[in-house]
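In the working numbering, the protein residues as written are 295 to 556.
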Amino acid sequence: MLWVVAGVIISAAVAALLSFRGLPSSTKERGRPSGSESAYTLTALPSAFTAQRPLPLIDATGATRWAPVLHAAAARRAPSFQSAVVARLANHTGDGTANILVADAEAEHQGVLWERVRLAVLPNGTQGWVPRSSLGGWTFVDTRLVIDRARLTATLLRAGRVVFRAPVAVGAPGTPTPSGQFYVRDRLSGFSNPMYGPLAFGTNARSPTLTDWPQGGVVGIHGTDRPSLIPGRVSHGCIRLKNAAIVRLGRLMPVGTPVTIT
Numbered sequence: 295m296l297w298v299v300a301g302v303i304i305s306a307a308v309a310a311l312l313s314f315r316g317l318p319s320s321t322k323e324r325g326r327p328s329g330s331e332s333a334y335t336l337t338a339l340p341s342a343f344t345a346q347r348p349l350p351l352i353d354a355t356g357a358t359r360w361a362p363v364l365h366a367a368a369a370r371r372a373p374s375f376q377s378a379v380v381a382r383l384a385n386h387t388g389d390g391t392a393n394i395l396v397a398d399a400e401a402e403h404q405g406v407l408w409e410r411v412r413l414a415v416l417p418n419g420t421q422g423w424v425p426r427s428s429l430g431g432w433t434f435v436d437t438r439l440v441i442d443r444a445r446l447t448a449t450l451l452r453a454g455r456v457v458f459r460a461p462v463a464v465g466a467p468g469t470p471t472p473s474g475q476f477y478v479r480d481r482l483s484g485f486s487n488p489m490y491g492p493l494a495f496g497t498n499a500r501s502p503t504l505t506d507w508p509q510g511g512v513v514g515i516h517g518t519d520r521p522s523l524i525p526g527r528v529s530h531g532c533i534r535l536k537n538a539a540i541v542r543l544g545r546l547m548p549v550g551t552p553v554t555i556t
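Structure below.
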């Protein structure tokens with residue numbers, strides 16, 4: 295009888311010891327995976343970096359982004375320091391104003407963020423890539439100016455709505471105003487020569503012939519001292535408005551505004 299009691303005591307002790315060590319009391323533990331599955335399921339970690347494709351910098355509302363050049367930089371054909379130089383950029387224009395660049399795409403290459411910008415060089419429409427670190431902060435505009443050379447009109451839109459329209463004079467047949475997609479690069483006033491009127495805007499458009507602009511070759515938008523010639527095709531490539539109209543346009547159109555010349 296004693297050996298039976300001893301056996302019971304030993305069995306109870308073994309069961310208690312196994313329970314203390316956390317071992318299963320049955321041959322199949324509830325919830326334990328079978329086969330080659332791991333005993334623990336690890337939560338997948340998010341990727342530390344997702345490569346970005348070049349993306350347009352004009353949002354769904356039509357807003358355009360521009361930034362000033364902070365220091366001298368080279369615009370390159372592709373987003374790489376090994377790519378050919380398209381143009382060299384200073385932080386000021388020939389008029390002494392901040393050199394601003396409109397960007398329409400960005401890309402990353404070898405850890406460097408690049409912006410694709412429109413350049414103020416011939417041929418018109420030339421673009422180049424500059425390091426983001428060469429530019430200042432973004433400014434956004436929702437305006438767009440349309441110059442219609444056939445109808446001799448200038449139309450300003452804000453968020454797609456017409457807010458200004460006026461007759462213009464454009465280039466004569468021998469010194470035509472170029473067509474294309476451009477932007478307002480700077481704003482000037484206080485001219486000693488009345489031919490520019492009270493206000494002028496410089497654009498990044500260039501003419502292969504001399505224009506009315508003081509620096510030559512720049513296609514500007516300015517007032518006039520000969521309003522009787524508006525509308526008409528009489529300028530050296532610049533776009534002329536009557537003085538009252540250019541003043542009104544000046545209240546509505548900021549620098550960086552895209553300019554479409556058709």
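We put the CB at the ideal spot given by N, CA and C, even for glycine.
In this text, all values refer to a predicted model and were calculated from it rather than measured experimentally.
Let me confirm a value: residue i is counted as buried when at least 16 other C-beta atoms fall within 10 Å, else exposed. Which label applies?
i	result
R370	buried
D480	buried
L546	exposed
T358	buried
V464	buried
A414	buried
I524	buried
Going by alpha carbons, who is nearest to residue i out of the options?
i	options	result
R443	G431, P461, L413, V457	P461
A448	G356, L535, G544	L535
H386	V396, P521, E402, H365	H365
L429	V456, I441, V440, A384	A384
W360	F476, L523, P417, I524	F476
M489	V396, I540, N418	I540
G474	E400, T503, N498	N498
V396	G356, S377, L482, P362	P362
A399	G388, R382, V411	V411
E402	R452, F375, G484	F375
A392	L451, N418, V478, G419	V478
Do you know how far the Cα of residue j is from the Cα of residue i?
i	j	result
S501	V380	18 Å
L543	Q404	44 Å
L407	I394	18 Å
N487	G390	18 Å
V440	S427	32 Å
L446	R459	11 Å
G526	T556	15 Å
A367	R382	6 Å
G484	R455	31 Å
L416	V513	12 Å
A453	P548	14 Å
L482	N537	14 Å
G356	A378	31 Å
P409	G511	Correcting the residue identity first, residue 409 is Glu in this sequence and not Pro. Going by the C-alpha atoms only, they are around 26 Å apart.
Could you please give me the residues that DSSP links to residue i through a beta bridge?
i	result
Y490	According to DSSP, which records beta bridges pairwise, Y490 is partnered with nothing at all.
R359	A397, F434
Q475	T554
H403	V406
H516	A494, R534
A460	A448
D480	G496
D442	T447
R557	This structure does not reach residue 557, given that the chain is present from 295 up to 556, and the question cannot be answered.
H386	A392
S529	G465
L523	None, per the DSSP bridge assignment.
Within 8 Å, do at least three Cβ pairs link the segment 363 to 381 to the segment 408 to 423? Enough Cβ pairs lie closer than 8 Å, so yes.
Can at least three beta-carbon pairs, one atom from the segment 462 to 481 and one from the segment 522 to 538, be found at a separation below 8 Å? A contact exists between the segment 462 to 481 and the segment 522 to 538.
Please determine if the segment 510 to 518 and the segment 487 to 494 are in contact, where contact requires at least 3 C-beta pairs separated by less than 8 Å. The answer is yes - the segment 487 to 494 touches the segment 510 to 518, with three or more Cβ pairs under 8 Å.
Would you call the segment 429 to 441 and the segment 546 to 554 touching, i.e. three or more CB-CB distances under 8 Å? Three or more Cβ pairs drawn from the segment 429 to 441 and the segment 546 to 554 lie within less than 8 Å of each other, which places the two stretches in contact.
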